[in-house]
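One line per chain: the protein sequences are A and B, in this order. Take -7 as the starting number for the first sequence in the numbering used here and just add one per residue. Take 4 as the starting number for the second sequence in the numbering used here and just add one per residue. In this text, a Cβ means the ideal position worked out from N, Cα and C, and glycines have one as well. Since the model is a prediction, treat every value here as computed from it, not as a measurement.
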Amino acid sequence: MTVLHVALDLLREAASRKWFLLLGAGITLVLVSLGLSLRMEVVDGAISATRLFGKSLGNDIRSADVALRPVYVAVAYLTFYGGMVFGILSCSDFAPAMLTPGRIEQLLSLPVRRWELLVGTFVGVMALALGAALYGAGGLALLLGFKTGAWTFKPVLAALLSMTGFAAVYACMLAVALFLRSASVSALFGGMVFVAGIAAGFRQEMAAALDEGATRTLFNAVTALLPRLSTLASASAELAGSGVVTVRSFPSVVAGVAVWALGALCVGLWRFEHKDF
Amino acid sequence: MDTRRRWLWPVLAGACFALAAWLMLRGEAEQPSERRVDQVKLPRHATRDDFERQEQRRTWSPPPPPAGTPPPRPDEQPVARDPLLLALPIGRNSSALVVEANALANSPAGELLVQCFQQRTRGRGLERVKEQMGIDPLKDVDRVALWDDGAMVTGSFQGFPWDMIAERHEVTRYGEGGTLYRPKPEAFPRADGGPGGADLVVGRWRDQLLFFVDSEEAAKEVMDRLEGRLQGGPGSLTEDMAYGEFYGTLDAKDLGELFPDDDPGLKEAFLKGAERVVLHVDAARDVGLVAEVQGPGGEGLGDVAKSLGGALALARVKAAADGDADLAELLELARVNRRPDGRFGVELALPLEFLQKRLSQCEPAPERPTAVGPEEDGPDPAAAP
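Okay, here's the thing in structure tokens:
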């Protein structure tokens, strides 16, 4: 329960920040604009005409669910990569703010364990990101469902999947903030994990470009430990689009990234438990 | 106790990272199976290869003008033409289809079809054709054309048993390079035993073109078109339409008859709004089909496009509901593409993998109990009519 209280505290704090208000307003604005300006003519389940702000989009007549796939794929990639970049920038300050001298002592004087404080912060940030992703992807799925009659909640599943990727990145940011209390350093490490995670998804292709020997072995060894963020993004897009995920190790990758996030969180917990304030 | 707690988190972290690495490495060696659904090439226009092939096909040159005629102006110089296209009926509303048999037979999809044919004929089909017709259909046949009342084959027919055909036909020379084979009535008895059981006339032009029509007049018309003596406007298939492994034009009325009766509205809209359908199939690897529906324009054609799009969507839902995943996947790739000029194309993609799956189920045809003879064993060229 204490973890949830800490998470709720973080959400209250986020609600007062302009970043998140802007994000909420931005998503709402996009959904309302689409709702008012997107006109779709559906004949027997096929989209025969689409107009956005009065301008015709495309000449194809296809089944509504098939025609909407590229839209959902784009939304899934935007949610994954765009959401992650936004999350790295906007959430980098939560942990350093919690660790500010004066505030951390006050928090530690409350009947709350250190691990509960850290896990609560992590859960709060995840809830925040999840809320935004679900609001955006779910809102779009509902909107297009109303307009075309083709109902799907795969974009929502894809949004949930993208949270696994962000969990790994934010857990690393949280751990780094405990070693060095700085929002920018935390964001920098988050960005590094983000980029390295994208590269890790293409590690086999990249390794093939390296000469055989120590360099390739080292590259393989290092990238084997990184979360496969781009693989997760592709799987998320495929899930949102057609529902058929061709990444064969898909469940393993999802579980691997989630466990990696737990590992990073454990590093943070180890540091937090032994840090003097 | 304190020491234990001190090492709890690092040990857990290490274990988590090791487990994560193991999980993420699992199955990594397996390459993701890419779906090729959107990579099927659709023949929306001619490619460089098609232009080169069109150029090579221009083997017919018009005869020189009679002596005494003034030489043509530079912009009126006669140009070389493709004999097959010249021989096809004249007029926009005639139906004509051309199969690039040689290109198709050498494509992956064609190889599957040949393999299937061989399986069905227990590996003897092609050999029988070679033995009886003296030609190798995979090498000697270049193109096959079909139109309302005739068929034509181009290629190399030196090995064709012309002498045997001549025994049962009246042979007459016609035009510069043509020979007509009209069936002798006594050689083709009717079912009641009387003469005149066949009226199919065979035409041969320079050992490179062979055609079958239902009357001598029709055969002469073909020869006249072929040798430039009969000109009445563009043919049903023009050179700019000759691309892909299969192309042609179909009269909308003929095609409309093929529409299922369970959707009379669609059939009516199609017959009302469409005039003709121009078909192109690319089978270089996968099979991509584009059927361009042309009509007088206006609302009618737009309504047909919408109705067809809806019909495809419904058919896909029905196929999925009936558990026919293959058909549902196939229809998933179908689309109706509207052009700015009012025409629209129905596009269909068949990935090679789909064809492999379907054609791998070719079963040999059951053996017939009767003795092997020319009538039962394959086509007999001498008795073709």
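- Taking a contact as a CB-CB distance under 8 Å, the pair VAL117/A and LEU2/A counts as one, their CB atoms being some 7 Å apart.
- Between LEU134/A and GLY27/A, the C-beta spacing is not below 7 Å.
- Near chain B, meaning a CB-to-CB distance below 9 Å, the residues of the stretch 9 to 40 of chain A are GLU33, VAL34, VAL35, ASP36, GLY37, ALA38, ILE39 and SER40.
- Each of PRO66/B, ARG76/B and LEU88/B was checked against the Cα of GLU58/B, and the nearest Cα belongs to LEU88/B.
- Chain A places a beta carbon closer than 7 Å to that of LEU22/B, counting this residue as a contact.
- Remark: C-beta atoms of ILE39/A and ALA66/A do not approach each other more closely than 7 Å.
- Look at GLN135/B here: in three-state DSSP terms it is helix.
- Between ARG338/B and ASP52/A, the gap from beta carbon to beta carbon is short of 7 Å.
- LEU141/B is bridged by DSSP to nothing; it lacks a bridge partner.
- For the pair VAL237/A and ALA227/A, the CB atoms are nearer than the 7 Å cut-off.
- A direct Cα-to-Cα measurement between LEU213/B and LYS133/B gives close to 17 Å.
- Residue-level contact check: SER178/A does not touch chain B, since none of the beta carbons of chain B fall below 7 Å from its beta carbon.
- The C-alpha of CYS83/A is placed about 15 Å away from the C-alpha of ALA125/A.
- Assignment of SER25/A by DSSP, reduced to helix, strand and coil, places it in the helix class.
- Residues of chain B whose Cβ lies closer than 9 Å to the Cβ of GLU265/A are, in chain order, ARG8, ARG9, LEU11 and TRP12.
- For TRP252/A, the closest alpha carbon among the candidates GLN196/A, PHE12/A, ARG195/A and ALA167/A is that of ALA167/A.
- Selection ALA68/A, ARG31/A, LEU49/A and MET(-7)/A evaluated against ALA232/A yields ALA68/A as nearest (Cα-Cα).
- At the C-beta level, GLY303/B and LYS275/B come within 7 Å of one another.
- Take the alpha-carbon of GLU103/B and the one of ALA201/B: they are about 29 Å apart.
- Using beta-carbon distances, ASN212/A does not count as an interface residue toward chain B, since no partner is under 7 Å.
- Bounds of the beta strand (DSSP E) holding TYR177/B are 172 to 177.
- Of all residues in the stretch 304 to 328 of chain B, the ones placed with a Cβ closer than 9 Å to any Cβ belonging to chain A are GLY305, ALA308, LYS309, SER310, LEU311, GLY312, GLY313, ALA314, LEU315, ALA316, LEU317, ARG319 and VAL320, in chain order.
- Around the beta-carbon of SER239/B, 16 or more other beta-carbon atoms lie within 10 Å, marking it buried.
- With fewer than three CB-CB distances shorter than 8 Å, the stretch 255 to 264 of chain A does not count as touching the stretch 194 to 201 of chain A.
- Scanning chain A for C-beta atoms nearer than 8 Å to the C-beta of VAL296/B yields nothing, as the closest lies near 12 Å away.
- As the crow flies, the alpha-carbon of PHE12/A is around 47 Å from that of PHE347/B.
- Taking the beta carbon of ALA16/B as reference, the chain A residues within 7 Å of it are GLY255, CYS258, VAL259 and TRP262, listed in sequence order.
- Contact residues of the stretch 330 to 344 of chain B toward chain A are LEU334, GLU335, LEU336, ALA337, ARG338, VAL339, ASN340, ARG341, ARG342 and PRO343 (C-beta to C-beta distance below 9 Å).
- Closer than 7 Å to the CB of LEU135/A there is not a single CB belonging to chain B.
- Only those residues of the stretch 106 to 127 of chain A whose C-beta falls short of 8 Å from the nearest C-beta of chain B would be listed, and there are none.
- C-alpha of GLY137/B to C-alpha of LEU261/B: approximately 36 Å in a straight line.
- In terms of beta-carbon proximity, ARG29/B lines the interface with chain A, with at least one pair separated by less than 7 Å.
- Per DSSP, the beta-bridge partners of GLN297/B are ARG279/B.
- Residue state for PRO13/B is assigned as helix, using DSSP reduced to three classes.
- For LEU261/B, no chain A residue has a Cβ inside 9 Å of its Cβ, as the nearest lies near 20 Å away.
- Sequence-distant partners of LYS146/A (beyond 5 residues in either direction) whose C-beta falls short of 7 Å from its own C-beta, in its chain, are TYR64, LEU231, ALA232 and GLY235.
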